[in-house]
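Each residue of the sequence shown is one higher than the last, beginning at 0 in numbering that gives the first Met the number 0. Written below as structure tokens is the structure these notes are about.
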Amino acid sequence: MFARVVVCQSKAGRSQQVGNKIGNEALPILQKQPGFVDFLTLSDKTDPERLVCISFWTLREDFERYNRKHYYTIADTLQPLLESPVTQETFEVNASTAHGIAVGKAT
Numbered sequence: 000m001f002a003r004v005v006v007c008q009s010k011a012g013r014s015q016q017v018g019n020k021i022g023n024e025a026l027p028i029l030q031k032q033p034g035f036v037d038f039l040t041l042s043d044k045t046d047p048e049r050l051v052c053i054s055f056w057t058l059r060e061d062f063e064r065y066n067r068k069h070y071y072t073i074a075d076t077l078q079p080l081l082e083s084p085v086t087q088e089t090f091e092v093n094a095s096t097a098h099g100i101a102v103g104k105a106t
């Protein structure tokens, strides 16, 4: 399993709008993608304009396909609300109680 972490910094007072766009526009697209497992949106208590989104995927190829087909369209719709371009990183999930993955057993 793989996780994609996307961090965005909204313009002052726009984090709610960014969160709404993610929930209303990005999440429905994600949920239709092959290999999509789960999605989390985290807010930063020390910086309320910073959002961290984590999507979980069964295979690297699944999120790479999503990235090619949909990611940049979604990022472009968010851009007017953001202070700077989003950053993204990809990780292999080594353990997850929510997804039943034991340490060292991720595939």
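Quick reminder that beta carbons are idealized off the backbone N, C-alpha and C, glycines included.
Residue pairing by DSSP places R49 opposite Q8 in a beta bridge. The count of Cβ pairs closer than 8 Å, one atom from the segment 78-96 and one from the segment 22-29, stays below three, leaving the stretches out of contact. In the pairwise beta carbon analysis, the segment 2-10 is classified as touching the segment 70-86: at least three pairs are separated by under 8 Å. For V36, the enclosing beta strand (DSSP E) stretches over residues 35-42.
Of the candidates R67, N23, D61, N23 places its Cα closest to the Cα of T40. Nearest to N19 by alpha-carbon distance, out of T76, Y65, A2, S95, is T76.
Membership of Q16 in the alpha helix (DSSP H) is indicated by the continuous run 14-20.
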